[in-house]
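What follows is a single structure, written as C-alpha cells, with notes after it.
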Ligand code: 5GP
C-alpha cells in the first residue's frame, strides 16, 4: 500500500518580497514530508546564496541546453534572468511520497497548471504595493533600480492571482503559515487522485526533442 503513496505537487507564487521564503521555511519546519524544489537560474548569486541550496546557478548556455533536452518541467524569463524547474528531482521526491513545492513566478506557474491541472496552487499577496517596496528595501539585497523593476513586475503578477486555487494575504506571518499548512494538509487528502496524471506528464518531458 505504501508503494502507491505519491506526494502532492504544489505551486507557490507571489511577488518578490511578499514573504514567500519566510512562510515556506516555517511551513517546512512543521512538515518533514515537504520538499522545496531547487531551481536553476542564470541570475548572479546574491551574497549568502549557496549553489545547490538556494539555486543551481548556471550560464545561459547551460540553461538553454537543459531546455533543449526537455529537462525542464517549466521555465521563464523574469527581470532579465532565466529560472526553471528540472523534472528529475521533482519526480524523485514525489515518487518517494514527499510533497514538492515549486516556488516559481506566474509564467512558469501557468505552464505547470496547464500540464498538471491537479497540482495545488497558492499565491501570496503583500498587504499593499507600498508595503512590498518597503520589504524589498529592508531586505537590502537589491539596488533601487532592481527594486523598482520588481515592484512593477509585482503588479503584473498580482493581476494573475485569481488563476490560483488559494490566495494568502500576508499581513501576519504566523497566520499565513497556518493557512498554508492547512491548505497543504487538505490537498494531501486528495493526492492519490493525482498519481497517474503526474506520471504521465513527468515521463513525457523526457521524450521531448528526442
Ligand atoms: P529571485 O531572483 O528573487 O530569487 O526570484 C525571482 C522570481 O523567480 C521569484 O518570483 C521566484 O519565485 C521565481 N522563481 C524561482 N525559481 C523559479 C523557477 O524555477 N521557475 C520560475 N518560473 N520561476 C522561478
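Numbering (the working numbering), first residue to last: 680 to 889. Cβ coordinates follow ideal geometry from the N, Cα and C atoms, glycine included. The structure presented is a predicted model; accordingly, all values stated were derived computationally and were not measured.
- Contact check for residue 757 against residue 763 fails: the beta carbons are separated by 8 angstroms or more.
- For residue 753, the uninterrupted beta strand (DSSP E) segment begins and ends at 751-757.
- Remark: C-beta atoms of residue 699 and residue 803 approach each other more closely than 8 angstroms.
- Straight through space, the alpha carbons of residue 777 and residue 795 are spaced by roughly 17 angstroms.
- Counting of Cβ neighbours within 10 angstroms places residue 694 among the buried residues, the total reaching 16 or more.
- Ranked by how close their Cα comes to the Cα of residue 709, the residues 856, 867 and 878 have 856 in first place.
- Within the model, the alpha-carbon separation for residue 793 versus residue 819 is close to 35 angstroms.
- Taken through DSSP and simplified to helix, strand or coil, residue 721 comes out as coil.
- Taking the C-beta atoms as reference points, residue 781 is found nearer than 8 angstroms to residue 689.
- One alpha carbon belongs to residue 685, the other to residue 823, and they sit about 43 angstroms apart.
- Residue 787: member of the alpha helix (DSSP H) spanning 785-794, first to last residue.
- Assignment of residue 827 by DSSP, reduced to helix, strand and coil, places it in the helix class.
- In the DSSP assignment, residue 859 falls outside any beta strand (DSSP E) and within the unbroken alpha helix (DSSP H) covering 852-869.
- Closest in alpha carbon position to residue 882, among 744, 750 and 697, is 750.
- With distances taken between CA atoms, residue 790 lies nearest to 880 out of 880, 832, 713 and 774.
- Here residue 770 is buried: its Cβ has 16 or more other Cβ atoms, across all protein chains shown, within 10 Å.
- As DSSP reads the structure, residue 691 sits in a beta bridge with 782 and 801.
- In terms of CA proximity to residue 846, 862 leads the group 862, 833 and 834.
- Of the candidates 854, 799 and 759, 799 places its Cα closest to the Cα of residue 869.
- Under the three-state reduction of DSSP, residue 729 is assigned to coil, being neither helix nor strand.
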